[in-house]
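Undergrad: This is the structure, below, for whatever I ask next.
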Amino acid sequence: MSRNVGLEIAPGDVFEFYESKEILCGVVLVVKDGRLNAVSENNREVALTLSRIVYRGKTSLDLAKGRDELTQRLRSISESRRNIMQQIDLEEIWSLLQSEGNGYGAEEIAEFIFSTPVSDDQAAAVKRALLSDKLYFQAKDSSFYPRSAENVEARRLELQREAERERRLSEGARWLTAVNARKQSPPQIEFREELIAALKDFALFGQEAKESGFVKELLKQAAIPVTQQAAFRVLVRLGVWREDENLLLHEHGISAEFPEDAMEQARELAKFNPAEACGNGREELGDLDVFTVDSASTRDYDDALSVRELEGGLFEVGIHIADAAELVEQGTPLDREAEARASSVYLPDDRISMLPPLLSEGILSLQAGKKRLALSFLIRIDSEANIVEARVCPSMVMVRRQLTYEQVNEYIVRESGLKALYDLAVKLRQKRIDSGAIILPIPEIQVYVNDAGMIQITRYDKETPSQVMVSEWMIQANAIAAGYLARRQIPSLYRNQAECRSETECVQSEHELFHVYRQRRLFSRAELSTEAKPHCSLAIAHYTTVTSPIRRYSDLIVQRQLKHALTGGSGTYSKEQLDEAAGRLSAAQAKVFLIQRKWTRYWILKYMEQEDIENLSALVLDKNARYAHLLIPDLLLETNAPMPENAKFNQGDKVKIRIEKTIPREDVLKIQILDAVPR
């Protein structure tokens, strides 16, 4: 604290210095080149620079005395100074000096307290008191400045907070130690929930967490590794989180729970009777054979199909979309929550709806045997897939059957309606291909986790008849919606794709999946925009998405805009509103895609652990001198692996790999390339 430049000190002089935050007395033995050797009151020899001296008065000891006598004398001096220090009332001294605003040395302040002359013990005791004081005086160089009354009060509150923090650290560390040791009855603490909240935040955000400093000190005092993973393990032991807790949802603030005002609105809407919406331009289409095609686990049916044969070799194909816009009004609590979510989130072990399941799996869902409101796209088309007429209308429909993709694949060969829908879809698709559409058939991996934590993985082909049929008719409905709005120059949320570049560097490979992945990386990303521009890979002049309004908020916006245009000739949203929405929704949808991709990867890695998978084959997508970028086709999992010495494989080849380590929570997949698979 003191600046002891030019300090004269000699052997035998008694001085004070800091050691481990404690002020001790010492006696100088030798002084040389600005350093001194001394004996402390603890009977330890110390080597110090002059700058470490806190106080030196006029007291000196006879070095001829034995070391035991010297240390005894030092202890006596130190004890006397501690006793004097306890009698000093700094608040009283501060009240006398604080209005002056000047700085004072310890000896000067001692003169306000004691009668002169001031002894070494008195001056040293005052300095000890001032150095230990955190409230009334502020030390600067060799002087002590009394704080203002305002600063003292602010400092008092700060010290109270620091004391409370230290108390919480101490109690919290004892509690965490017991928890980490899995003791049956850890000590009770009043701020348990606050501690858990801080641990959660640190487990999610690490150094960026609001209380990261507190949590790191807490873990350190509890002898727990200061890592996010360690905080996660503590929360699992507490039963706050599960072993397979999806931290991505917590990190991005996504919850299956809905705010009470949104749920209150949902409960009211669930009482809605569709029959009340008849008339007012809504067409009754109950005579159509309407059916849905979805996976077996689907509960939120938002699209359906119908087909009937007309005179003159024509067909009428219906694409019927749940009319969510009729019930979910713009600007309501339910709508605001749906916009914030942007999309339903489908995960291997969970499903988080954009709209409350009370609605998305109830009154809005196109359930079999129940009248439902819809927005119907009715397309008159000839046997060569030439569209004669397409119109859109609000409707009332009743689904007759809820089919799975597998059922449609089976029935399509014997049911004329399904076969006609499929044949027309194939011809429409070919027309798009002839116009430049690029079809890149990537299989899909479906990961399902049951309540017991068992993982099932299914790899299925998206090019089956049912998949092609449903996909093509949804594309047609979306294109009709976009074209209707674009021709009338009504702003909407269009999906544009600027460029589909072809490979310039041809790499030979007998594996189609290699070329599909390689080509997809050359495509521009499809983007939301209020400008109607072409969609390159679909080969469609104007495109949007309107077929999933109970699962995707952008589709709900387009449905509202389209319905308003049908009845009022204009849209309900302005271009400025849609420009803002496009930015928000693009970011929100990217977040949802990231969560779905990362969490599916987590469960695939868990599956590899569960099944104790050791050896697989992989496609070499890319490589350099150090690493190969691989695709594991069985799991559609991409990863990197070190290049083995004298590697004899190229891009596009298949290689054998061995799984060496998987750590799903840390997204670690360590593999070794064994050798190339013979062609």
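This note's numbering puts the first residue of the sequence shown at 822, with every later residue one more than the last. The C-beta atom is built at its ideal place from N, Cα and C for all residues, glycine as well.
#1: Can you find the residues in the same chain that come closer than 6 Å, C-beta to C-beta, to I1478, ignoring five residues on each side of it along the sequence?
#2: Between the Cα of A1241 and the Cα atoms of R1201, Y1428, A970, P1262, which residue gives the shortest distance?
#3: Going by DSSP, name the residue or residues bridged to M1219.
#4: How big is the Cα-Cα spacing for E1147 and S1118?
#5: Can you find the residues in the same chain that come closer than 7 Å, C-beta to C-beta, to F1093, ignoring five residues on each side of it along the sequence?
#6: Please report the residue range of the alpha helix (DSSP H) in which Q1329 lies.
#7: May I have the straight-line CA-CA distance separating R865 from R903, to the nearest angstrom?
#8: Short of 7 Å in beta carbon distance, which residues of its chain neighbour Y957, apart from the five on each side in sequence? Order them along the chain.
#9: Taking I1173 and Q1297 to be in contact with their CB atoms under 8 Å, please state how far apart those CB atoms are, rounded to whole angstroms.
#10: Quick one: grab the DSSP three-state call for Q1267.
#11: Rounded to a whole number of angstroms, what is the C-alpha to C-alpha distance between G878 and A1052?
#12: Since G1389 and P1215 should fall inside the 8 Å C-beta cutoff, what is the C-beta to C-beta distance between them, to a whole number of angstroms?
#13: Which of the three DSSP states is assigned to I1259 in this structure?
#14: Drop a sphere of 10 angstroms on the beta-carbon of N1271, count the other beta-carbons inside from all chains shown, and report buried for 16 or more, exposed for fewer.
#15: Return the Cβ separation of S1181 and I1371 in integer angstroms, given the expectation that the two are a contact with Cβ distance under 8 Å.
#16: Quick check on DSSP: helix, strand or coil for I1142?
#17: Of all the alpha helix (DSSP H) runs that stay within the bounds of the region 857-927, which reach a length of 4 or more residues?
#18: Mapping DSSP to helix, strand and coil, what is F1414?
#19: If you draw a straight line from the C-alpha of L952 to the C-alpha of G833, how long is it?
#20: Let's see if you can read the secondary structure: which residues bound the alpha helix (DSSP H) around G847?
#21: Which of the three DSSP states, helix, strand or coil, is assigned to N1230?
#22: Does the region 1254-1263 come close enough to the region 1162-1171 to have 3 or more Cβ pairs within less than 8 Å?
#23: Going by DSSP, what residues sit across from I1494 in a beta bridge?
#24: Please report the straight-line C-alpha distance between L997 and L1056, rounded to a whole angstrom.
#25: List the whole-angstrom C-beta distance separating F1035 from A1018, where the pair is believed to meet the contact cut-off of C-beta under 8 Å.
#26: Out of A1300, K955, L869, state which residue places its alpha-carbon closest to the alpha-carbon of K853.
#27: Of all the options D1474, M1217, N923, which has the alpha carbon lying nearest to the alpha carbon of A960?
#28: DSSP state of V1502, grouped into three classes?
#29: So if DSSP puts V1367 in a beta bridge, which residue, or which two residues, is it bridged to?
#30: From K1444, G1133, P938, pick the residue whose C-alpha is nearest to that of K1475; which is it?
#31: Taking all protein chains shown into account, do 16 or more other C-beta atoms lie within 10 angstroms of the C-beta of V1209, making it buried, or fewer, making it exposed?
#32: State the Cα-Cα distance for the pair I909 and E929, rounded to the nearest angstrom.
#33: Given that a residue counts as buried once 16 or more other Cβ atoms are within 10 Å of its Cβ, and exposed if not, what is N1471?
#34: Between which two residues does the beta strand (DSSP E) holding R1129 run?
#35: Comparing alpha-carbon positions, which option in D1156, F1198, I1278 lies nearest E1432?
#36: Just to check my reading of the structure: R1088 and L1155 have Cβ atoms closer than 8 Å, yes? What is that Cβ distance to the nearest angstrom?
TA: To lay it out plainly:
#1: L1437, A1439, I1492, I1494
#2: R1201
#3: K1192
#4: 26 Å
#5: L1148, I1184
#6: Here Q1329 belongs to no alpha helix (DSSP H), and DSSP marks it neither H nor E.
#7: 20 Å
#8: L911, E912, W915, P967, R968, V973
#9: The Cβ separation is near 30 Å, so there is no contact.
#10: strand
#11: 52 Å
#12: Between P1215 and G1389 the Cβ distance is about 13 Å, and since that is not below 8 Å, they are no contact.
#13: coil
#14: exposed
#15: 5 Å
#16: strand
#17: 888-907, 911-918
#18: helix
#19: 25 Å
#20: No alpha helix (DSSP H) holds G847; the beta strand (DSSP E) holding it covers 843-853.
#21: helix
#22: no
#23: I1478
#24: 10 Å
#25: That pair is no contact at about 11 Å.
#26: L869
#27: N923
#28: The displayed coordinates of the chain run from 822 to 1500. Any statement about residue 1502 would go beyond what the structure contains.
#29: DSSP, once it has assigned bridges, lists no residue as partnering V1367.
#30: K1444
#31: exposed
#32: 14 Å
#33: exposed
#34: 1124-1130
#35: I1278
#36: With a Cβ gap of about 10 Å, R1088 and L1155 do not count as contacting.
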